Amino acid sequence: MRYFQVLLESGESHLAAEAGDGSLVDLTTISPHARSIFDLLHAGSLAGSGVDDLARGLIDRSGNSWLSVGDLVKNSKAERRFPRMTSPLVPPEIWAVGVTYQDSMRERQAESKSPDVYAKVYGADRPEVFFKGTPRVLAEPFAEVGIRSDSAWNVPEPELAFVLYDGRIAGYTCGNDMSSRTIEGENPLYLPQAKIYDRSCAIGPCFVTADSIGNAQDLDITLRIRRGGREAFKGSTNTGKMKRDCAYLADWLQRHNPVPDGTTVCTGTGTIPPPEFTLKQDDVIEIEIEKIGTLVNTVVVV
Numbered sequence: 009m010r011y012f013q014v015l016l017e018s019g020e021s022h023l024a025a026e027a028g029d030g031s032l033v034d035l036t037t038i039s040p041h042a043r044s045i046f047d048l049l050h051a052g053s054l055a056g057s058g059v060d061d062l063a064r065g066l067i068d069r070s071g072n073s074w075l076s077v078g079d080l081v082k083n084s085k086a087e088r089r090f091p092r093m094t095s096p097l098v099p100p101e102i103w104a105v106g107v108t109y110q111d112s113m114r115e116r117q118a119e120s121k122s123p124d125v126y127a128k129v130y131g132a133d134r135p136e137v138f139f140k141g142t143p144r145v146l147a148e149p150f151a152e153v154g155i156r157s158d159s160a161w162n163v164p165e166p167e168l169a170f171v172l173y174d175g176r177i178a179g180y181t182c183g184n185d186m187s188s189r190t191i192e193g194e195n196p197l198y199l200p201q202a203k204i205y206d207r208s209c210a211i212g213p214c215f216v217t218a219d220s221i222g223n224a225q226d227l228d229i230t231l232r233i234r235r236g237g238r239e240a241f242k243g244s245t246n247t248g249k250m251k252r253d254c255a256y257l258a259d260w261l262q263r264h265n266p267v268p269d270g271t272t273v274c275t276g277t278g279t280i281p282p283p284e285f286t287l288k289q290d291d292v293i294e295i296e297i298e299k300i301g302t303l304v305n306t307v308v309v310v
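Count along the sequence shown from 1, then add 8; that gives the number in my numbering.
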């Protein structure tokens, strides 16, 4: 089941679940205790129930649809139109993993003055895991993501992101790990500056439970970048090409590092624009992941 966080004109935030016909049901109106996906995750943890089962129980109480997913998307594209989409959750911490796809390893080698480090980490047991930031760097769906003015080469990184709860993968969303390739390529020790800055990450459009996703290692990922209304770049990959699966990455992240519930982890990119391409102001980034949906953001120089 897909879950959306929805902002009302009153300023209240409600949790909505998608019914089978593409309509949304307002779970918060049915129960004020269900205001976010964290509420359902917490209740499910206490009761030993699945999140989808809890949501279906709430839906059965009412059964009244609210609005369609399509209408929510239309509202979210427009300014000051409600109800509108916000981030499906606000993770206390955001982490990311690098060099999980062979294509990414090759591109990082090509850009770097220290190419050997990427080949070594790709072949190692220990993955490259780095801190991506806090909610301060997070952009909502249809909001602006940032590119650094001190980097000549800036790209989006379309990634499957998983959400941890009680130490396990509770669900998934789309992630955009914005990256300043010029800065990282100059010296790998500059990675935090290339990765952590204003509006350097986005997740959305929704949260999908692990049960609904099923096999997370067989999902198509498509990146589209539009410039001036035209498609400037398109690329695709599949999570089956990841060298390390999500469970493996979750295990390594949490070794000697008990992250808080809701921590969200971007799992690396296998779709990379060529070196001659860099993002520009007002470019539109679309990241589509099978079974999840499409995360859309516009680029702004920060």
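Beta carbons: idealized from backbone N, C-alpha and C, even for Gly.
Every value quoted in this text rests on a predicted model; they were computed, and no experiment measured them.
| Check | Outcome |
| --- | --- |
| Residues that DSSP places opposite Gln13 in a beta bridge | Leu23 and Thr94 |
| For Pro283, the three-state DSSP class (helix, strand or coil) | coil |
| Residue of Gly276, Asp29, Asp133 and Val216 minimising C-alpha distance to Cys209 | Gly276 |
| Pairwise C-alpha distance: Asp185 and Tyr11 | 22 Å |
| Other residues of its chain near Met113: CB distance less than 7 Å, five sequence neighbours each side excluded | Residue placement at Met113 is poorly supported in this model, since its pLDDT is 47, which falls under 50; the coordinates still yield a value, given next. Answer for Met113: Val107, Tyr126, Ala127 and Tyr130, listed in chain order. |
| Per-residue DSSP class, three states only, for Pro135 | coil |
| Helix, strand or coil at Arg6 [DSSP, three-state] | The chain is shown only over 9 to 310; residue 6 falls outside these bounds and no answer can be derived. |
| Buried versus exposed call for Glu17 [16 or more other C-beta atoms within 10 Å across all chains shown] | exposed |
| Reduced DSSP secondary structure (H/G/I, E/B, other) of Asn301 | The identity of residue 301 in the sequence shown is Gly, whereas the question assumes Asn. Of the three classes helix, strand and coil, the one that applies to Gly301 here is strand, per DSSP. |
| Three-state class that DSSP yields for Gly56 in the structure shown | coil |
| Cβ neighbours of Phe46 in the same chain (closer than 7 Å, five flanking residues each side left out) | Leu97 and Gly270 |
| Ala42 vs Leu49 beta-carbon contact at 8 Å | no |
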